[in-house]
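Residue numbers for the sequence shown follow the numbering used here, so the first one is 289 and each next one is one higher.
Below: the structure, in structure tokens.
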Amino acid sequence: MDLLVRGRVWRLLAVDAVGRELPPSGDPAWAELDHHIRFTVWRACRAIPLIVLGMDVLGWSTDFVLVADDPVTHRALTVMRAGAAPICLAMFASFHFTTLARRRPLAVSAPFALTLVAFAAFQLGSLGGVERQLFDFLMFALVPTVMAPAPIVARIGYVSAMAAAMSLGFFAPYGHWSHPFAAATVAFLASIAAMLIVIGHIVYVGACRAFFQEREIERTAAELKALSDSLEGQVQEKTVELRRLYEHLQLVREDERARLSRELHDELGQQLSAIGYVLATAKVRSDRDPASTRRSLDEVSSLLQRASETTRDIARELRPPLLEQYGFVSACEWMARKVTDHLRLECAFESAQDGPECPEPVAVAVYRVLQEALTNVGRHAMATKVRVELRSDASAVELRVTDDGRGLPPDGELGDGLGLVGMEQRMLGLGGTFSVTSGAEGGAVVHARVPMAARSAA
Ligand SMILES: Nc1ncnc2c1ncn2[C@@H]1O[C@H](COP(=O)(O)OP(=O)(O)OP(=O)(O)O)[C@@H](O)[C@H]1O
Ligand SMILES: [Mg+2]
């Protein structure tokens with residue numbers, strides 16, 4: 289009920305500067321707001337009795353100067369101040385030593401506020417009717433209620449009860465009703481009370497809105513921080529991966545150079561030296577032994593044949609020749625069958641090509657990914673069957689390698705190997721995607737996709 293009325297009045301009064309909706313009724317934010325309000329009122333009510341008491345003591349000391357020549361007024365004010373002190377102390381005790389005050393701070397503060405106001409009005413009323421304008425001073429007691437963070441129903445009840453206590457305390461015991469200005473004074477009090485209710489409610493709406501906005505800002509800040517922490521973690525992880533991959537590639541390159549240099553030196557170098565030696569011998573013997581020269585030339589011819597084969601072998605090692613010879617799909621199928629035959633695995637190769645010819649960087653990258661995926665099946669999967677699916681259309685080439693082995697390690701720990709990182713980097717380098725997951729029916733699934741219009745060479 290309280291929420292309903294609050295919601296309705298809000299719609300009438302609240303102007304939302306940033307166009308944000310308030311949380312719908314029933315949202316946990318409202319419960320948080322209620323808790324916040326209760327706590328704020330409770331904390332204020334712990335300090336208010338001390339403030340009033342301080343003003344009371346201050347007023348009591350100034351009375352000796354201000355109304356020194358009017359003993360009747362001085363006595364009434366002294367009684368008023370003396371009576372206010374125990375009320376303030378009782379309120380102070382309630383808010384410091386009871387738990388009810390913490391749960392219902394507005395309700396607990398009400399009897400003290402009403403008694404205080406009624407008693408003050410009773411004492412001022414004893415000094416005369418509305419003609420002395422003492423009642424006007426009392427009205428100031430209502431002003432602080434604008435600061436109270438109370439919903440509209442509680443606010444109307446609170447302010448009206450204070451105005452009523454004030455009027456009854458002042459008018460009822462002394463019959464001041466009969467004064468010609470009495471009705472006008474009470475009407476003035478009512479209009480002041482109504483105005484304070486409206487101003488108080490607007491202040492309250494503003495405070496609630498600030499509360500929701502602050503809550504929203506805190507929530508968004510927490511989300512952003514979590515996101516930035518996770519991004520930072522991912523960036524660090526990837527940086528370490530890339531550094532390891534880079535170091536690995538440097539080693540591979542050095543190994544490759546050493547192997548090529550060995551091959552050139554030991555194989556090709558030897559063969560060329562042998563050709564040189566045979567030719568030199570033939571030159572010396574050419575005049576006197578033509579038959580031996582012919583044999584030497586035959587030997588040179590066969591040495592040249594071997595040198596040419598060696599050169600071809602080296603070139604073949606350097607670049608997958610099948611891609612050029614047979615085309616992308618056939619080369620992939622040939623390699624898949626060769627590797628799986630070697631591993632004694634059953635291999636199903638499916639391909640569907642519906643688009644232009646695959647650009648060379650894409651073809652080489654996908655070929656290498658397939659090669660490493662099949663090597664991994666042989667090394668880790670303990671599988672009996674592998675399925676290779678290769679599809680392409682006008683926009684992308686897609687490769688899926690599925691095995692029926694034991695799947696990825698259940699703890700998700702993929703070790704320090706660089707095969708997966710290398711495959712992923714190849715795909716990302718071409719603006720593609722890469723994933724390796726455990727299959728729904730066991731085994732592992734490697735999936736790679738590269739756009740035909742790849743961004744750069746792998
Ligand atoms: N088909 C698969 N089935 C089961 N586990 C796999 C499969 N492919 C990869 N894995 C798991 O992923 C891990 C990482 O593979 P990755 O290729 O990165 O490294 P590696 O093969 O161990 O070493 P290398 O750097 O020589 O490739 C493997 O250790 C293995 O646990
Ligand atoms: Mg591997």
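For each residue, glycine too, the CB sits at the ideal point set by N, CA and C.
For clarity, every value in this text was computed on a predicted model and none was experimentally measured.
{"Item": "Neighbour-count burial assignment, E645, 16 or more Cβ in a 10 Å radius", "Value": "exposed"}
{"Item": "Coarse secondary structure for S744, derived from DSSP in three states", "Value": "Low per-residue confidence applies at S744: pLDDT is 48, beneath 50, and the placement is therefore not dependable, though the value from the model is reported in the following sentence. Coil."}
{"Item": "Proximity test, G693 beta-carbon vs ligand 2 heavy atom, cut-off 8 Å", "Value": "no"}
{"Item": "Same chain, Cβ closer than 8 Å to Y462, five either side skipped, listed in chain order", "Value": "G413, S414 and G417"}
{"Item": "For ligand 2, residues whose Cβ lies under 6 Å from any non-hydrogen atom", "Value": "E660, T663, N664, G705 and G707"}
{"Item": "Beta strand (DSSP E) segments (min. 3 residues) lying fully within the stretch 655-721", "Value": "673-681 and 684-691"}
{"Item": "Other residues of its chain near E634: CB distance less than 8 Å, five sequence neighbours each side excluded", "Value": "T628, T672, K673 and V674"}
{"Item": "8 Å contact criterion, which V689 and L658 should meet: CB distance rounded", "Value": "7 Å"}
{"Item": "A409 beta carbon less than 9 Å from that of M454", "Value": "yes"}
{"Item": "Buried/exposed call for E511, threshold 16 Cβ in 10 Å", "Value": "exposed"}
{"Item": "A669: CB within 8 Å of a non-hydrogen atom of ligand 1", "Value": "yes"}
{"Item": "Cβ-Cβ separation, L591 to A562 (assumed contact under 8 Å), whole Å", "Value": "5 Å"}
{"Item": "Helix, strand or coil at S589 [DSSP, three-state]", "Value": "helix"}
{"Item": "Collapsed DSSP secondary structure at P437 in the structure displayed", "Value": "coil"}
{"Item": "8 Å contact criterion, which R737 and T721 should meet: CB distance rounded", "Value": "5 Å"}
{"Item": "Check whether R443 and G488 have beta carbons under 9 Å apart", "Value": "yes"}
{"Item": "One or two residues paired with P739 in a DSSP bridge", "Value": "A684"}
{"Item": "Meets three-Cβ-pair contact criterion under 8 Å: the stretch 340-359 and the stretch 373-388", "Value": "yes"}
{"Item": "CA nearest to the CA of R532, picked from A332, A732, G703 and D322", "Value": "G703"}
{"Item": "Environment of A668 [buried if 16+ CB atoms lie within 10 Å]", "Value": "Sequence check: residue 668 is His here, not Ala. H668 comes out buried."}
{"Item": "Counted within 10 angstroms of its Cβ, other Cβ atoms place I440 as buried (16 or more) or exposed", "Value": "buried"}
{"Item": "Same chain, Cβ closer than 8 Å to V355, neighbours up to 5 away in sequence not counted", "Value": "T361, H362 and L365"}
{"Item": "Helix, strand or coil at T387 [DSSP, three-state]", "Value": "coil"}
{"Item": "According to DSSP, residues forming a beta bridge with T473", "Value": "For T473, which the question treats as bridged, DSSP gives no partner whatsoever."}
{"Item": "Buried or exposed (CB count within 10 angstroms, at least 16 for buried), A651", "Value": "buried"}
{"Item": "Status (buried if at least 16 other CB within 10 Å, exposed otherwise) for I505", "Value": "exposed"}
{"Item": "Alpha-carbon to alpha-carbon, E320 and F500", "Value": "10 Å"}
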